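Below: the structure, in structure tokens.
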Amino acid sequence: MKFTKFFALLCAAAVGFAGCEAVENKNGEPTPNPTPEPSGNITLAVDKTTLQLGESVTFTVTDAEGNDLTASASFYTVDLDQVANPYTPAASGSYTFYATVGSESSNNVTITVMAQMPDVPADPQPANLKFNHRGLFIDNTGVGCGYCPSVIDVFRSLEKTDAHQHYHEVQVHAGYYASGDPANSDAANKVNGFYSPTGYPDVRLNFYSGQPASRSVAGFTDILMSYIKEDGADVGISLAVDGDATYIYCAAQVKAAKAQEYKVVAWLLESGIYSPSQAGATKDYHRIYNYALRNISGEYSKTNISGESIGVLEAGKTHDCAFELAMTNKKWKYENMGVLVIVSAKDSLGNWEVANAAYCALGESKAFEYVQ
Numbered sequence: 117m118k119f120t121k122f123f124a125l126l127c128a129a130a131v132g133f134a135g136c137e138a139v140e141n142k143n144g145e146p147t148p149n150p151t152p153e154p155s156g157n158i159t160l161a162v163d164k165t166t167l168q169l170g171e172s173v174t175f176t177v178t179d180a181e182g183n184d185l186t187a188s189a190s191f192y193t194v195d196l197d198q199v200a201n202p203y204t205p206a207a208s209g210s211y212t213f214y215a216t217v218g219s220e221s222s223n224n225v226t227i228t229v230m231a232q233m234p235d236v237p238a239d240p241q242p243a244n245l246k247f248n249h250r251g252l253f254i255d256n257t258g259v260g261c262g263y264c265p266s267v268i269d270v271f272r273s274l275e276k277t278d279a280h281q282h283y284h285e286v287q288v289h290a291g292y293y294a295s296g297d298p299a300n301s302d303a304a305n306k307v308n309g310f311y312s313p314t315g316y317p318d319v320r321l322n323f324y325s326g327q328p329a330s331r332s333v334a335g336f337t338d339i340l341m342s343y344i345k346e347d348g349a350d351v352g353i354s355l356a357v358d359g360d361a362t363y364i365y366c367a368a369q370v371k372a373a374k375a376q377e378y379k380v381v382a383w384l385l386e387s388g389i390y391s392p393s394q395a396g397a398t399k400d401y402h403r404i405y406n407y408a409l410r411n412i413s414g415e416y417s418k419t420n421i422s423g424e425s426i427g428v429l430e431a432g433k434t435h436d437c438a439f440e441l442a443m444t445n446k447k448w449k450y451e452n453m454g455v456l457v458i459v460s461a462k463d464s465l466g467n468w469e470v471a472n473a474a475y476c477a478l479g480e481s482k483a484f485e486y487v488q
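If you read the sequence shown in our numbering, its first letter stands for residue 117, the second for the next number, and so on.
And the structure:
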């Protein structure tokens, strides 16, 4: 717990202690304090986790027995600014709140406020829970890697097979072959650190599924299809992307087929990056980088690239997400951007592994993708 938050709670506790003292009414008799005492831990909830600038969020606080304590609660940002209920953010961005009732402090809740909210398409089959399953190929590469163009050739061939409907590709330009690489970024450095390649090219499936046995269509297909659930993924994703040279905005909806806890993250990808100095290039397309990682939503590091938990999502239920991804480099071309939304869940070893993924280019939208 941050010291500043602890200090605020200490103050809240002092206020709560003083508030427990009875006060005298006009007849000199003690009157009970009207503030209810929570039964167990308190829980903060919000009526929406994604807002468009100008909209308000409404807080609700309950205790362990389900008693509504909202009227007795105080609400704060994690920077210890007290806010009203409902609260209208003054600027776009992410905001994290907690509540206090007496000496009790709630969980943190994060909302995302976007200046421009894309419209997620309507669900074409609301009762359907059989989602097409897609894995994630991570291509750790670099401009100085002479063998890396061979991976581009494999992916171009793989696109012509039935396996193409079951994966998305991300190029991560980082590591010791990425000096002077125009597709390098801080996000790429962190993801490269997560995988820690010992040689290049280095292709991985998902976060933990491993490497193809060979750098070939057969090798890529075998590891991919050993992971894919052809009867349907645990979760589906619908999304829309918009933006400009400053921010790329993504609105997404996650729909569960299996009840479990999920994490959601958005990766900003740029295509059409040209590099005339790519080592080992023998064809023009070897010098063009597509789906190169530029930014990641929220807080991320080389030990956490899977985003934030949205809690347990029951089967058939949906959760709305919103992401504001900054264009932090003036050389990036916003018109070539797209967003990859990755939903993960814990595997048998307790790792947050990719459950499904969906990609959408700027100015477009993608509905839930169902099994055909």
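Ideal Cβ positions, reconstructed from N, Cα and C, are used throughout, including at glycine. The model shown is predicted, which means the values in this text are computed figures rather than measured ones.
- Excluding five sequence positions before and after V351, the CB atoms of its chain that fall closer than 8 angstroms to its own CB belong to F247, V370, K371, A372, A373, K374, Y378, L429, V459, A461, A471 and N472, given in chain order.
- For G209, the secondary structure class from DSSP, reduced to helix, strand or coil, is strand.
- Closest in alpha carbon position to S172, among T159, D463, P392 and S208, is S208.
- Contact between the region 230-240 and the region 255-264 is absent: fewer than three C-beta pairs spanning the two stretches fall below 8 angstroms.
- Taking 8 angstroms as the cut-off, the beta carbon of S273 is found closer than this to the beta carbon of V333.
- Considered as a whole, the region 414-469 harbours 424-429, 434-442 and 453-462 as its complete beta strand (DSSP E) runs of no fewer than 3 residues, in chain order.
- In this structure, the CA atom of N305 is about 18 angstroms from the CA atom of L252.
- Three or more Cβ pairs drawn from the region 475-486 and the region 446-455 lie within less than 8 angstroms of each other, which places the two stretches in contact.
- Relative to the Cα of T204, the nearest Cα in the group P242, D463 and Q168 belongs to Q168.
- Among the bridge pairs identified by DSSP, E220 is matched with V217.
- Fully enclosed beta strand (DSSP E) runs of no fewer than 3 residues occupy 318-321, 351-359 and 363-372 of the region 300-382, in order along the chain.
- Contact check for A368 against S354 passes: the beta carbons are separated by less than 8 angstroms.
- Nearest in C-alpha terms to S391, of all of D318, K399 and I404, is I404.
- A straight-line Cα-Cα distance of about 35 angstroms links N300 and T434.
- Going by C-alpha positions, T444 is about 25 angstroms away from S425.
- If you check the CB distance, S188 and Q198 do not come in under 8 angstroms.
- For I268, the uninterrupted alpha helix (DSSP H) segment begins and ends at P265 to L274.
- When DSSP states are grouped into helix, strand and coil, Y401 belongs to the helix group.
- For a cut-off of 8 angstroms, the C-beta gap from T178 to L185 is around 6 angstroms, short enough to register as a contact.
- For K399, the closest alpha carbon among the candidates P298, Y407 and I268 is that of I268.
- Look at D278 here: in three-state DSSP terms it is helix.
- Leaving aside the five residues that flank T165 on each side, the residues in its chain whose CB is nearer than 6 angstroms to its CB run, in chain order, I227.
- Excluding its 5 nearest sequence neighbours in each direction, F271 has C-beta neighbours in its own chain below 7 angstroms: E285, listed in chain order.
- The straight-line gap separating the alpha-carbon atoms of Q394 and P317 is approximately 13 angstroms.
- When the beta-carbon positions are compared, N411 and F323 stay at least 8 angstroms from each other.
- For L185, DSSP assigns no beta-bridge partner whatsoever.
- Remark: C-beta atoms of L409 and V307 approach each other more closely than 8 angstroms.
- Scanning the region 152-179 from its first residue to its last, the whole beta strand (DSSP E) runs of 3-plus residues come out as 159-162, 166-168 and 175-178.
- In this model, L340 and A329 are separated by some 11 angstroms (Cα to Cα).
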